[in-house]
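Data first, discussion second: the structure below is written as structure tokens.
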Amino acid sequence: MTSRSGEKSKGLGRRQFLKLSGTSTLAAVAAGTIVVGAPGSASAAISGRTNRPADLPAATGPRCVVVGGGASGATIAKYLKRENADFDVVMVEPLAMYMSCFLSNLWFDDLINLRTLQHSYTEAASDAGYTWLQGKLIDLDRDAKRAFTSEGYIDYQYIVLAPGIDYNYASIGVTDPEMVVAMQQSYPAGFKPGSEHLSIKDKLERFEGGVFLTTVPVGNYRCLPAPYERACMIADYFKRNNVSGKVVLLDPGEQPFAPKAPGFLAAFSELYADYIDYHPSTMIQSVDPVAKTVTTEFDTIDFDDAAIYPRIRAAKIIEDLGLSATDNPQFEADIDVYKYFAKGDMTCYVAGDCRPMPFSKSGNTANSEGHYIAKVIAAVEAGNDIEWASPQTICYSMVNGEPEEAIFVKAKYDHDGFGFTDVELDNERSAANGAATHEWGAGLYRDMF
Ligand SMILES: Cc1cc2nc3c(=O)[nH]c(=O)nc-3n(C[C@H](O)[C@H](O)[C@H](O)COP(=O)(O)OP(=O)(O)OC[C@H]3O[C@@H](n4cnc5c(N)ncnc54)[C@H](O)[C@@H]3O)c2cc1C
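Mapping the sequence shown onto the numbering used here, position 48 (from 1) lands on 43, and the numbers just tick up by one.
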């Protein structure tokens, strides 16, 4: 790895490595950015209760607090107001702006600019008529219907939790807290919004050649086709910029995400035979971020730089609040799978990528589901019931940059068992799908904000 000043960073000791990366383990633990021990082993006791109310105007109607401003939370906040203008909606989100994960692979290959991914919460809130509180949910008293945030408490009639995901580094054999921090800061997955994507883009721009390692996790991870799309976009970037690099893609599955496997495999062999080294059926056993090696059940692989995607889990706040299903390996929420409320509590809903249903964890799924959840809450407030509506997954994957060509899948889910229905699939990469990728993204941003 070469730093911006051009110095090689190989041969660093662990302590020096962490010092250079700017965070001590203790500070990271205190900030709650790392998991100590296996996830779920000892959830932190939450101690965020305060007697100070958040600095908000008095509620003008039934107050709905929406936690998280991603594809799920932003959609729900906007459409709650559309469903019932009397709702007083407060969206609690700590990030200063929205930066989307979806379409980020295109930015890595310079097919869009960074501004396309960024959106303003101030503008979204004022256009849709809700309030954005820049802060973080820390604790919840569901009996008193009081949400404790970093900015003070908020009393509510309804609360929706849409805090997204966290990573489980133990799933790839990394449990030492120092090494977890090293992984997060030096080889970020790029599957949570913001800094991780900026870091991967910088890595690609300064990459001098060799092996760029990327990985596919086990489980129902965020955006099933995205690791394969990312391999294509990075390979295309290397190809078009004459970088003598190879993307090594380690996949525990036997082939890429099933519906799109033919489209991805065709791109790997027809466009990137010299740039992608695809290893299916390969389970990671451990990673050493200092030695820059990954050990699989067959081999030890050296890498020059990497973006390593471990198994995901529901954001830790879901488990900390006692809302995770006890038998769920990804600590997803224990909710009514048709109406999204925490079992026995129709004032508290969980949405987006921390839901337990086997839907594709995608932006379009979260957005279409968000429309439905807004209707469910409006119906509960009005004393009505509504019929279940399936979320819709629409997923374009760009596989070529010049010309821009993509493959495509669209599906809904059946009521019993949540298998795919109404599937539309196009594994022939085409310029028409490439253009439609941009239109789809623009439409989703318009609908969220
Ligand atoms: C590289 C990549 C490519 C992708 N490609 C596609 C694609 O082509 N199509 C597609 O449909 N989807 C795609 N996705 C998936 C999509 O981005 C996600 O599934 C979607 O954004 C999930 O939305 P969410 O609202 O559940 O989570 P997020 O968007 O992660 O939002 C969660 C929000 O909650 C906030 N939060 C967390 N904890 C708290 C707290 N305690 N208090 C307050 N706020 C909190 C976070 O700051 C965050 O803003 C892709 C994802 C990636 C990473």
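For glycine and all other residues, C-beta sits at the position ideal for the given N, C-alpha and C.
Please read these numbers as outputs of a predicted model, since none were measured by experiment.
Per the Cβ contact rule, the region 390 to 408 is in contact with the region 212 to 229 (3 or more Cβ pairs under 8 angstroms). Per DSSP, the beta-bridge partners of Tyr153 are Cys59. Taking a contact as a CB-CB distance under 8 angstroms, the pair Asp299 and Val404 does not count as one, their CB atoms being some 33 angstroms apart. Within the region 79 to 163, the runs of alpha helix (DSSP H) that reach at least 4 residues and sit entirely inside it are, in chain order, 99 to 103, 109 to 112 and 116 to 123. Under DSSP, no beta-bridge partner is assigned to Asp171.
With respect to Gln325, Ala302 sits apart: the two C-beta atoms are not nearer than 8 angstroms. In the three-state reduction of the DSSP assignment, Lys356 falls in the strand class. Our two residues, Pro351 and Ile167, have alpha carbons roughly 22 angstroms apart in a direct line. Apart from sequence neighbours up to five positions away, the residues of its chain that approach Ala369 with a beta-carbon distance below 6 angstroms are Ile71, Tyr74, Leu75 and Glu78, ordered along the chain. The three-state reading of DSSP puts Ser239 in coil, since its state is none of H, G, I, E or B. Annotation: the region 258 to 284 contains the following complete segments of the beta strand (DSSP E) (minimum length 3 residues), in chain order: 271 to 274 and 279 to 283. Taking a cut-off of 8 angstroms for Cβ pairs, the region 185 to 202 and the region 273 to 290 do not touch, as fewer than three such pairs fall below it. As DSSP reads the structure, Tyr408 sits in a beta bridge with Phe415. Taking all protein chains shown into account, Phe354 has 16 or more neighbouring C-beta atoms within 10 Å of its C-beta and is therefore buried.
Taken through DSSP and simplified to helix, strand or coil, Tyr223 comes out as helix.
With contact defined as three or more Cβ pairs closer than 8 angstroms, the region 143 to 154 and the region 330 to 345 are in contact.
In this structure, ligand 1 has a non-hydrogen atom nearer than 7 angstroms to the beta-carbon of Asn359. Checking the 7 angstroms criterion, the Cβ of Gly214 is out of range of every heavy atom belonging to ligand 1. DSSP, read as helix, strand or coil, puts Ser67 in helix. With 16 or more neighbouring CB atoms inside 10 Å of its own CB, Glu88 falls in the buried class. In the three-state scheme derived from DSSP, where H, G and I count as helix and E and B as strand, Val211 is classed as coil. In terms of CA proximity to Gly240, Tyr270 leads the group Tyr270, Val213 and Met178. Rounded to whole angstroms, Asp231 and Leu260 show a C-alpha spacing of 15 angstroms.
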